[in-house]
Structure formats: structure tokens, C-alpha cells
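Asker:
Chains as they are written, first to last, in our numbering: chain H, 40 to 264; chain L, 1070 to 1384.
Listed below in C-alpha cells is the structure:
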């Protein structure tokens, strides 16, 4: 029964959700299930938070390598949690907006979280440059095509691209770098992206059918299924 | 920033020339070394990127842009809607993406408000709420102090559930947002009179670059609900959205360039905002120089590769 009941629920809900798309009388059911999903999604925060405390708490207690960083993580987590839950410094009451101007949560968000997040992302510029130097080599025909396309897109996303080819006559405007960049995005890229999207779509349909029909049972713990 | 004159030349112009000379001569030196078969140390690459990003930010380096059709389509849509139309702007991003997409959110909000549209804000990212505060402070409080919360704009806040949220609000807003972010009941918000679901909106705009984002808005709201959908995304995500343009996605602002094109176009159309902050236009300076530097390093890398390959053949 440990397997049969979850399987029956999956089959029932799966078919119900498919019917709710095609049959207006059960349309509301699909919407309600989405609502249930959203409520369950909220509990993922508890799970995530709990997991974070458990992993870093263990690391700290057992003095594992880099345990000092776990202190920063846990202090940051509990401080942000307390500021948000108790609305510390909020100009309004407990029901007011958690990120209201002047609240401790907003102060920490603006002055700690935002600069840290932007810094992490900005570091990518250095790694992208270094990786481009090492990896973008015209080793074969395919790599050369990729390299040429990358050059056109890089130039096309700057004013320099327009400047370099602005002398071209109108009859050759398609060869202007910004226009070439648009062509790459809207023709070869479009074809490739569509192929990927259709492939993913078909994959999702087949995977969903396997789940609904009970062929795929790995989510129940059947590793061999 | 000081913009004085030295020998009749604007200092920022002189600064630009100096920056280009320093970077250019440095690259030529590396090129000459590469021709002799000498590799470039990764710390040298980092130093070049640092200078090419930092210097144009310190020295004013601005460009004017012509909006591309895909950007112009968003502008024209907001422009063509009658005043009082309901425009939803969803903040689906975090601080990491903010430098690239926050300028889009700000200029789109400014445009919607100057056209007297009713703006509904919401977030599918928990961090979107913090980014929305930036718009509320830098755009609404600064440029539209007479616009009122609940009448001209409303902040519905964040809801967990990703696509699940969209799946519900496409047919019923109140089920997912019984109140706004300040716990004002949905029914007592004047701006939301006559709005039952996303289908009653005149335009939906998603700003982001992650998951959930613009793609999910198209799949769960725009297409099934027949709601005009547009958006702004980080440059790396933009190519993935081209398959939806123009039938399911009416227009797109891709990366800093898309934002800069919109800012330029908006300033041209509304000269009263000539002195508004234009972070995207400013960021195009570092982007341009950094792209040139990256391309130069790719060329240098290839010179070294072909040199080595030729040497290998000889042996």
C-alpha cells in the first residue's frame, strides 16, 4: 500500500489536471490545485531554512574545515529572519510591508545583500574574459563559425558596431554589424532555440505520461523503475 | 562629476581619449608579445578588464542610441494605450541581475506613469520586493510625488509558487493576492476596480532573467489569457525569447543595450526628462570598452594557437 496509494493519487491528480484544461466544468479544479501547490511551495522555505541551519550547525559543532564561514551564514540567516518576522524598525505595525523604508530588513537588504549580490555577478566579467581568451579558438570549422558569430554579437551590442559599418551604402545595409547581429539572433538562433523548445516540450509530455501512467516510479523510491 | 575644459577640450573627452590610448597601447604590446609566442597571464587579463570597466565609469562616456524595432515595439505599445490603462510590471529579479535590468524597470515605470496609466507592481522573486523599493523611491517618489498608492499605482508584493502563481492569477487575482503588500484588501483598492484577472490587464511586463521570468509569463498568462506581454531581460537570456517574438511577445529589452535604447528613445520623446538618471546609457561605456578588450584577447589567443599549431606541424 505504501506504493499503491501515492501512485493512485498521482494518476488521479494527473488526469484531473489534464481534464481541467480541456473541459470547462472542471476548470476551477485546475486552479485550486495550483493554489494548493502555492501553499505547499511556502513550506519549502521552512525546509530550506531548516536544512541550512542543520548543515551549518553540524559543520560548526564538529569544527569541520571552514567552520568560521558557517558562523557568518547562521548569524546572517537569523538576523535577517528576526528582522523580517518581527518587523524590527518598521514604521508601521506588524502587518506592514516587510521591506518598508527604514526597517532593519530594508537597511540590511540595501547595504549588505544588494552590494554582495552585485559583486558576485560582476566578478563574472573577469572570468568571462579569461575563459574567452583560453577557449575561443578557431580549431575547426564549427568553432570558427561560433567565433565569427560571437564577434558580430559582441560588436553589435556596442555603438562601435554601428560606427564601423555606417559607411556602407543602403543596398548593403544587411551587412552592417548591428543588422547582422539581429539577423543572427532572429534567424539561426531562432531556429536552434525553437528546435530546443520543441524537443523539451516533447520530452516533458513523454515524462509526464510516464509519471501519470505509473511507468516512472523513481519519485516513490523505486530506483530501478 | 567635474566636466571642465582644458585647452578648449572637454575634460571628459580628453579622459576618453586617454583611456582608449592606455588600453589600446597595452593591447598592442600584448599583440606584439603574442606574435613572438608569449602567453598572456590571467592577471594581466583581469587588470585590463578592471581598467576597461572602471575607467569609462569614472569618466563620462555617453552615446546616443537608435531604438531597434524589438525595443521600439514596447515603447509604442505603452504610448498607444489610452490613459488609465492597467499595466502590470512584475519584478522577477535579484540584486545580482539588478545592474542590468533595474534601469529597464525604472524607465518603463516612468513611461507608464507619464502616460497616466495605472501601474500594478508584483514580484515572483522574493528579492524583487527590495528591487521594487528602488523604483518606488527613485522614480515615483522623485518624479511623480503626486501619484497616489492605491489610485495611480499599487504594490501587490511577492507570492511564492512561481508558475503556480501565474496559473491562478490568469483567472483570479484575488485568490492569490487577497490584499496588497500593506494588507489593504483587494476589493477596497480603487485602482483594481474592474480587475478580476490578468485577462483584464492591458499590458503585462516582466523584468528579470531567471526562473520564473518572462518566458513563464508568456506560457502561463500571455498566451492562454490573450494578454499583451512584453519584458526586459538580462542579455544572456534574450536569445531564448526570440522564438516568441512578435506573436506571443510583443517586444523585448535585451540587456543593458536594450535598456539604453529605451532610455534614449524616452528622453527624445519626453524632453522634460532630459536630466533623468540614465544608468543604462552610462553603463554602455564600460560594456563597449570591455567588449573590445575581450575581442582583442580572443584575437591574441588565436594568434598564439595558430603559431603553436604551425610550430607543431614543422616538428
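The beta-carbon is built from N, C-alpha and C at its ideal position, and this holds for glycine as well.
Does any residue of chain L have a CB that is nearer than 8 angstroms to the CB of residue 70 (chain H)?
Answerer: So yes, residue 70 (chain H) belongs to the interface.
Asker: Is DSSP giving residue 169 (chain H) helix, strand or coil here?
Answerer: Residue 169 (chain H) falls in the helix class under three-state DSSP.
Asker: On the DSSP letters alone, give me the boundaries of the beta strand (DSSP E) that residue 1276 (chain L) sits inside.
Answerer: Note, residue 1276 (chain L): beta strand (DSSP E), 1272 to 1277.
Asker: Among the candidates H:207, H:198, H:220, whose CA atom is the shortest distance from the CA of residue 1133 (chain L)?
Answerer: Of H:207, H:198, H:220, the residue nearest in Cα terms is H:198.
Asker: Could you check what DSSP says for residue 1314 (chain L) in three-state terms: helix, strand or coil?
Answerer: Correct three-state label for residue 1314 (chain L): coil.
Asker: Taking only beta carbons into account, state which residues of the region 1230 to 1253 of chain L come closer than 8 angstroms to chain H, listed in chain order.
Answerer: The region 1230 to 1253 of chain L vs chain H, Cβ under 8 angstroms: 1230, 1231, 1233, 1234, 1236, 1237, 1240, 1241, 1244, 1245, 1250, 1251, 1252.
Asker: Can you pull the chain L neighbours of residue 138 (chain H), defined as C-beta to C-beta under 7 angstroms?
Answerer: Simply 1198, 1199, 1202.
Asker: Could you check which residue in L:1211, L:1281, L:1238 has the C-alpha nearest to that of residue 1293 (chain L)?
Answerer: Checking every option, the nearest Cα to that of residue 1293 (chain L) belongs to L:1238.
Asker: Here's the rule I'm using: 16 or more other beta-carbon atoms within 10 Å means buried, otherwise exposed. How should residue 1196 (chain L) be labelled?
Answerer: Residue 1196 (chain L) comes out buried.
Asker: When you compare only the Cα positions, how much space is there between residue 1170 (chain L) and residue 147 (chain H)?
Answerer: Distance between the alpha carbons of residue 1170 (chain L) and residue 147 (chain H) is about 21 angstroms.
Asker: In the structure shown, what three-state DSSP assignment does residue 1191 (chain L) receive?
Answerer: Of the three classes helix, strand and coil, the one that applies to residue 1191 (chain L) here is strand, per DSSP.
Asker: Could you work out which residue in L:1175, L:1283, L:1215, L:1140 is closest to residue 1161 (chain L) when comparing CA atoms only?
Answerer: That would be L:1283, whose Cα lies nearest to the Cα of residue 1161 (chain L).
Asker: By DSSP's criteria, residue 1299 (chain L) is part of a beta bridge. Which residues make up the other side?
Answerer: According to DSSP, which records beta bridges pairwise, residue 1299 (chain L) is partnered with L:1274, L:1320.
Asker: Name, please, each residue of chain L whose Cβ falls closer than 8 angstroms to the Cβ of residue 49 (chain H).
Answerer: Residues of chain L passing the Cβ test: none, with the nearest at roughly 17 angstroms.
Asker: Within 8 angstroms of any Cβ in chain A, is that where the Cβ of residue 77 (chain H) sits?
Answerer: No chain A appears in the structure shown, which is made up of the protein chains H and L.
Asker: With DSSP run on the structure shown, which of helix, strand or coil describes residue 264 (chain H)?
Answerer: Here residue 264 (chain H) scores only 46 on pLDDT, less than 50, and its place in the model should not be relied on; the value that follows carries that caveat. Three-state result, residue 264 (chain H): coil.
Asker: Closer than 9 angstroms by beta-carbon distance: list the chain L residues that pair up with residue 251 (chain H), in chain order.
Answerer: In chain order: nothing, as chain L lies at least about 18 angstroms away.
Asker: Under 8 angstroms between C-beta atoms, does residue 1356 (chain L) make it to chain H?
Answerer: By this cut-off, residue 1356 (chain L) is an interface position.
Asker: If you draw a straight line from the C-alpha of residue 1099 (chain L) to the C-alpha of residue 1379 (chain L), how long is it?
Answerer: Rounded to the nearest angstrom, the two C-alpha atoms are 20 angstroms apart.
Asker: Quick check: the Cα distance between residue 210 (chain H) and residue 1144 (chain L), rounded to an integer number of angstroms?
Answerer: About 28 angstroms.
Asker: Under the rule that 16 or more other beta-carbon atoms within 10 Å means buried, what is residue 130 (chain H), buried or exposed?
Answerer: When all chains shown are included, residue 130 (chain H) counts as exposed.
Asker: Roughly how many angstroms separate the alpha carbons of residue 1198 (chain L) and residue 108 (chain H), rounded to a whole number?
Answerer: Taking the straight line joining both Cα atoms gives about 27 angstroms.
Asker: At least one CB of chain H closer than 8 angstroms to the CB of residue 1105 (chain L): is that the case?
Answerer: No - not a single Cβ of chain H is within 8 angstroms of the one on residue 1105 (chain L).
Asker: Between the C-alpha atoms of residue 65 (chain H) and residue 1289 (chain L), what's the straight-line distance to the nearest angstrom?
Answerer: When rounded, the distance between both Cα atoms is 18 angstroms.
Asker: Hey, residue 1304 (chain L) and residue 1277 (chain L): beta-carbon distance below 8 angstroms or not?
Answerer: Contact: no.
Asker: Excluding the 5 residues preceding and the 5 following residue 246 (chain H) in the sequence, name in chain order all residues of the same chain whose CB lies nearer than 8 angstroms to its CB.
Answerer: The answer, listed in chain order, is 255.
Asker: What are the boundary residues of the alpha helix (DSSP H) that includes residue 242 (chain H)?
Answerer: Counting along the chain, the alpha helix (DSSP H) containing residue 242 (chain H) begins and ends at 227 to 251.
Asker: Can you give me the Cβ contacts of residue 143 (chain H) inside the same chain, cut-off strictly under 7 angstroms, excluding the 5 residues immediately before and after it?
Answerer: Correct list, in chain order: 122, 127, 128.
Asker: Does residue 152 (chain H) come within less than 8 angstroms of chain L when only Cβ atoms are used?
Answerer: Taking Cβ atoms only, chain L reaches closer than 8 angstroms to residue 152 (chain H), which makes this a yes.
Asker: In this structure, how does DSSP classify residue 1386 (chain L) when only helix, strand and coil are distinguished?
Answerer: The structure shown does not extend to residue 1386 (chain L), since chain L is modelled only from 1070 through 1384, so no value can be given for it.
Asker: May I have the straight-line CA-CA distance separating residue 1104 (chain L) from residue 1381 (chain L), to the nearest angstrom?
Answerer: For residue 1104 (chain L) and residue 1381 (chain L), the distance between alpha carbons rounds to 16 angstroms.
Asker: Pop quiz: residue 1274 (chain L) and residue 1201 (chain L) are said to be a contact at Cβ under 8 angstroms. What is the actual Cβ separation, rounded to whole angstroms?
Answerer: With a Cβ gap of about 13 angstroms, residue 1274 (chain L) and residue 1201 (chain L) do not count as contacting.
Asker: Could you work out which residues of chain H lie near residue 1163 (chain L), taking near to mean beta carbons separated by less than 8 angstroms?
Answerer: Neighbours of residue 1163 (chain L) on chain H, chain order: 156.
Asker: Considering only heavy atoms of the ligand SAH, does any lie closer than 7 angstroms to the CB of residue 1127 (chain L)?
Answerer: In the structure on display, the ligand SAH does not appear, and there are no ligands present to speak of.
Asker: Give a yes or no on whether 8 angstroms exceeds the smallest Cβ distance from residue 159 (chain H) to chain L.
Answerer: Chain L contact via Cβ: present.
Asker: Measuring CA to CA, which of H:212, H:258, H:192 is closest to residue 1360 (chain L)?
Answerer: Considering only alpha carbons, the answer is H:192.
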